[in-house]
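Peer 1: The numbering used here puts the first residue of the sequence shown at 5, with every later residue one more than the last.
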Amino acid sequence: MSKALFLDRDGTLVVDTHYLHKPEDLQLIAGIGDALRIAVKSGYLLFLFTNQSGIGRGFYTLEDAEHCNQCMVEMLGFSENPFTEICIAPETPEDAPVYRKPSPRFILEMCDKYDLNPDFCWMVGDKLCDIKAGLNGGIRAAFVRSGKASDGEPTDFLEEYSIPTFDTLVSFVDELTG
Ligand SMILES: [Mg+2]
Numbered sequence: 005m006s007k008a009l010f011l012d013r014d015g016t017l018v019v020d021t022h023y024l025h026k027p028e029d030l031q032l033i034a035g036i037g038d039a040l041r042i043a044v045k046s047g048y049l050l051f052l053f054t055n056q057s058g059i060g061r062g063f064y065t066l067e068d069a070e071h072c073n074q075c076m077v078e079m080l081g082f083s084e085n086p087f088t089e090i091c092i093a094p095e096t097p098e099d100a101p102v103y104r105k106p107s108p109r110f111i112l113e114m115c116d117k118y119d120l121n122p123d124f125c126w127m128v129g130d131k132l133c134d135i136k137a138g139l140n141g142g143i144r145a146a147f148v149r150s151g152k153a154s155d156g157e158p159t160d161f162l163e164e165y166s167i168p169t170f171d172t173l174v175s176f177v178d179e180l181t182g
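#1: Any idea if L173 is buried or exposed, counting beta-carbon neighbours within 10 angstroms, 16 or more meaning buried?
#2: Reducing DSSP to helix, strand and coil, say where F51 ends up.
#3: Just checking, does the segment 115–122 make contact with the segment 132–149 on the three C-beta pairs under 8 angstroms criterion?
#4: DSSP three-state call for K136: helix, strand or coil?
#5: Does the separation of the CB atoms of L52 and L80 fall below 8 angstroms?
#6: Tell me which same chain residues have a C-beta within less than 6 angstroms of the C-beta of F63, skipping the five on either side of it?
#7: For I36 versus L66, is the C-beta spacing smaller than 8 angstroms?
#8: Excluding the five sequence neighbours on either side, which residues of its own chain have a C-beta within less than 6 angstroms of the C-beta of K136, listed in chain order?
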């Protein structure tokens, strides 16, 4: 069985600039490229799992989001896409959820497809929906404080479910692999 990291994008890998969809607005969170390389070297498969309601709202297209992801991969210093699979959930909160976090559907499908061991899989993100998707999917979850501070930290929930919190994905990977 394999181990894996399911990673949120906005606020976790790149700075969350509301409805990010232009490559020129991409800003990597410091140290993320190296952290991902360490995770891969330590045997973790990487999955990108991102809610993009801007698609459902008609602000930008799936192709825009895919192009942004491709540019991000290049900025991270990878010559090839390091993500085993990428899930871009286009639904708005008002739509019936399909893949949109906190739906665990993508996680469950990947666990099955790649024979992942849930005990060694993590969903990492900066919002409560990321944490809930991980827990709903039966894997572990970690919260990073690199997202929008204005949204606040869901402290009560994190405490209730003993969710570990980190400044960024870099410190998470340090602890995971250190
Ligand atoms: Mg996020």
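The C-beta atom is built at its ideal place from N, Cα and C for all residues, glycine as well. Please read all numbers here as calculations on a predicted model, not as lab measurements.
Peer 2: A quick look at the data gives this:
#1: buried
#2: strand
#3: yes
#4: Assignment of K136 by DSSP, reduced to helix, strand and coil, places it in the helix class.
#5: no
#6: Y23
#7: no
#8: The residues P106, in chain order, have a CB closer than 6 angstroms to that of K136 in the same chain once the five nearest residues on each side in sequence are set aside.
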